[in-house]
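Right, one structure below, let's go through it.
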Amino acid sequence: MDRLEKGILLAIGAICLGLVLLLLARPDIFLPSVKQIDPFPKGKVATVRIVMPQASWQRLMANPLAEQYVRADFWFEGQRYPNVAVRPKGNSSLMSAAGSGSKRLSFKVDFNMLNKAQTFCGVKKLSLNNGWSDPTLIREALAYEVFEQMGIPVPRTAFVDLWINDMHLGLYTQVEQIDKTFLARYFPNPSGNLYKPEFGAAGLNWTREDAERQAQQVGPQPQQRLLEINLGGSRLAELIALLEAETSADTNSPGPMPGFGPPPMGAAGQPLGPPAPGFQPMPPAQPPFGRGMPGGRGFGPGRGPFGGGLLVEAVGLKTNENLADHQGLFRLLDVLNRCPEQSFPEQIGQIFDVDLWLRYLAVSVAIVHLDNYIGMGHNYYLYESQGRFTVLPWDLNMAFGTFNMGIPTAEPADYPIDQPSRMSDRPLAARILAYKPFLDRYHQYLRQLLDGPLAPGVLESRIEQLSQLVRPYVPQEQLADFDKGLDQGGPYSGSMGPGPRGLGFGRMPFGPPDVNRPGPPGMFGQRPGDPNIPMGFRPRPMGGPGGFMNAPGLKAFLARRRLSIRQQLDGQMPSIVEQPRMFGFPPGGQPRL
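Here the sequence shown is numbered in this note's numbering, starting from -1 and rising by one per residue.
Here it is as structure tokens:
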């Protein structure tokens, strides 16, 4: 080998060594550039497109109550995330939409189920919520902001303009999933037990002995438990259902995206055009309309509607499912339901973040959010970190007096601050507020809200900002109802919730007319002058916002609610209602323990 050849080889070796060192120092330099985006941008409405074979979409619409995942591509502001899993989601909103055959469902998107290496900018799962019962579509984001301002961990939110294939569904609220990724931002230990309790267990008015007695009566269900095995954040049953549906699907089914690929009819940021010619609504799903019924995700031995049934199942463990250890939860339940009054304050403080709970309770009561623990008894998370439990808010679309639990429409703003729930069934509220130092601190947080996030003009200013942001996405024919929902509220000219007229049925909120199907005149809702009929059983005229709810105007509600809270704190109004008309309260009310 002559000197020239040696020189060439040494030069090649030096170049290779340099490239190796460069790659070690900057491993991303030779990788395709990935656009850096904020998955929850503020001050804008992002464009989201979900692309799936038409057969998959038709399968979802044929039985949305099954909440079955299908494979899809997720596009966010022109950036593609392939092979995600998408399913319908919700309780009341889903039943309402399913009953009408409406396409404007709420959706859950799982980026991690089919590709364990994939996330959406670090997010493994998110919700796309359709704003059911809210004529303004800003309540959910607004309520999360109030909780956050009181130092409570909340998921991130954003407004998005949603398309599925070539069908425009309109404005949605995109919400981060509460999971280990979320927990890592707020807690030093994100590996604790995370619970999402549902009906039956969510009141926390039961003990370990109750659960064991119930399990003995039902007997073992080994096959059901096998299907509940968690595979990296996804239930085995969900993954099996998705794969079975794909293998049994008709591959010749027409659709714009067989095999996925680029979004239909145009590039990111450009209108996709009208819905595909000839696309017809699917027929309404058949009863029973409820999760937990046959075909639903909550169905299983011992379960009732809405995922009820066995307490240890209904308590909804979302982490560590394969090695479930409920000892900490059983300890909390024992203290809540059995601890003597004298030692209760000390015992509960050792295993439960009382201060954060008092702030959570103050916000929930101040904004009259009754679709959570204090009202319906669900829509919250319970996280155990280093031996202490924390309550986290969830699903806030019916905040600010929309879900009234049977209270006459004019009265949500006067909701009692010291009797915020059916106390006999809600020990977490009853026992903690029964201890005067805790009650006094709770009152302090109510005053802090009145002087801070809910001070006159503060939240109204934020309402103006958000309403101006989303207003361009409100169809022209629905602007009157949108504006009415922001200000005075009252009767609406058309249904603003997903589903047929009456029980929220008719046009979906803020979706183009050609993707919605009008339904029959309604049977349920509120009838003026008939305040004592329980919620959901009030005949009303056709129309009205979101299902059988009646959303008060945001600004009018806030003004009256501020005054009511101040008067209750100052003793000018009763803070405990002796004869409440709230759904589920016993006659004569429930005295504070």
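In this text, a Cβ means the ideal position worked out from N, Cα and C, and glycines have one as well.
Measure the C-alpha to C-alpha separation of residue i and residue j and round it to an integer number of angstroms.
| i | j | result |
| --- | --- | --- |
| A200 | R206 | 14 Å |
| L63 | W55 | 14 Å |
| P254 | N110 | In this predicted model, P254 has a pLDDT of only 38, less than 50, meaning its place in the structure is not dependable enough to derive any value. |
| Q463 | L447 | 20 Å |
| R424 | D164 | 46 Å |
| A53 | L112 | 19 Å |
| G551 | R559 | 12 Å |
| G569 | G373 | 24 Å |
| S189 | E319 | 12 Å |
| N548 | A95 | 17 Å |
| T179 | T317 | 11 Å |
| L444 | A411 | 14 Å |
| Q325 | D159 | 44 Å |
| V43 | A156 | 7 Å |
| R57 | N191 | 34 Å |
| P572 | V68 | 52 Å |
| A322 | E174 | 25 Å |
| A139 | A213 | 39 Å |
| L167 | R102 | 6 Å |
| I430 | W130 | 32 Å |
| I35 | Y193 | 30 Å |
| L334 | A478 | 48 Å |
Counting only the same chain and skipping the five closest in sequence on each side, list residues whose C-beta sits under 7 Å from that of residue i.
| i | result |
| --- | --- |
| R78 | D71 |
| T388 | D351, L354, Y381 |
| K553 | E458, I461, L484, D485 |
| W357 | Inspection of the sequence shows that residue 357 is occupied by Arg rather than by Trp. For R357, where only same-chain residues beyond five positions count, the Cβ hits under 7 Å are M148, G149, I150, Y443. |
| S208 | Here the sequence assigns Asp to residue 208, which means Ser is not the residue at that position. Once the five neighbours on either side are set aside, the close Cβ partners of D208 are L309. |
| I13 | none |
Judging by CA-CA distance, which residue of the options is the nearest neighbour of residue i?
| i | options | result |
| --- | --- | --- |
| A453 | L394, I563, D393, G347 | I563 |
| M148 | I365, L464, P470, P414 | I365 |
| L331 | F342, L321, A322 | F342 |
| I176 | L169, F157, V152 | V152 |
| E75 | D108, Y67, S100, P37 | P37 |
| A141 | F436, R357, H367 | H367 |
| N395 | R69, S125, Q212 | S125 |
| A182 | G198, L477, K122 | K122 |
| Y413 | K106, Q476, V363 | V363 |
| S90 | Y170, T171, D393 | D393 |
| D132 | G11, V107, T171, I430 | T171 |
| G217 | G198, L308, S383, I346 | L308 |
| G399 | N335, D369, R336 | D369 |
| Q384 | P51, R154, I349, K194 | I349 |
| F185 | L556, Q345, R386, H441 | R386 |
| V456 | E210, R336, V144, Q345 | V144 |
| P435 | G450, Q474, G347 | G347 |
| D108 | A209, M93, A83 | A83 |
| V361 | N335, Q340, P338, L390 | L390 |
| R439 | Y371, L359, R469 | L359 |
| K106 | G99, V49, N127, I35 | N127 |
| Y379 | L202, E344, L92 | L202 |
| A60 | V49, S98, T45 | S98 |
Can you tell me where the beta strand (DSSP E) holding residue i begins and where it ends?
| i | result |
| --- | --- |
| W73 | 68 to 74 |
| W55 | Looking at the DSSP string, W55 is not in any beta strand (DSSP E); the run it does join, the alpha helix (DSSP H), is 52 to 60. |
| V468 | It is not in any beta strand (DSSP E) - V468 instead sits in the alpha helix (DSSP H) that spans 456 to 468. |
| F105 | 104 to 108 |
| L607 | Because the chain here runs from -1 to 591, residue 607 falls outside it and cannot be looked at. |
| E409 | No beta strand (DSSP E) contains E409, which DSSP labels as neither H nor E. |
| P86 | 77 to 87 |
| N127 | 123 to 127 |
| I48 | 43 to 49 |
Comparing the C-beta of residue i with each C-beta of chain C, is any distance below 8 Å?
| i | result |
| --- | --- |
| A213 | Annotation note: the requested chain C is absent from the structure, which comprises a single protein chain. |
Taking 6 Å as the limit between beta carbons, can you name the residues of its chain near residue i, skipping five residues before and five after?
| i | result |
| --- | --- |
| G88 | S104 |
| Q566 | I415, S573 |
| F555 | F398, G399, A411 |
| C337 | Q345 |
Ignore the nearest five residues each way along the sequence and tell me which others in residue i's own chain have a CB closer than 8 Å to its CB.
| i | result |
| --- | --- |
| K40 | A156 |
| E146 | V152 |
Which stretch, first to last residue, makes up the alpha helix (DSSP H) that contains residue i?
| i | result |
| --- | --- |
| I346 | 342 to 349 |
| F480 | 477 to 484 |
| P153 | First-last for P153: undefined, no H or E at that position. |
| Q325 | 325 to 336 |
query: Is it a yes or a no for the region 110 to 127 touching the region 79 to 93, going by three-plus beta-carbon pairs under 8 Å?
result: yes
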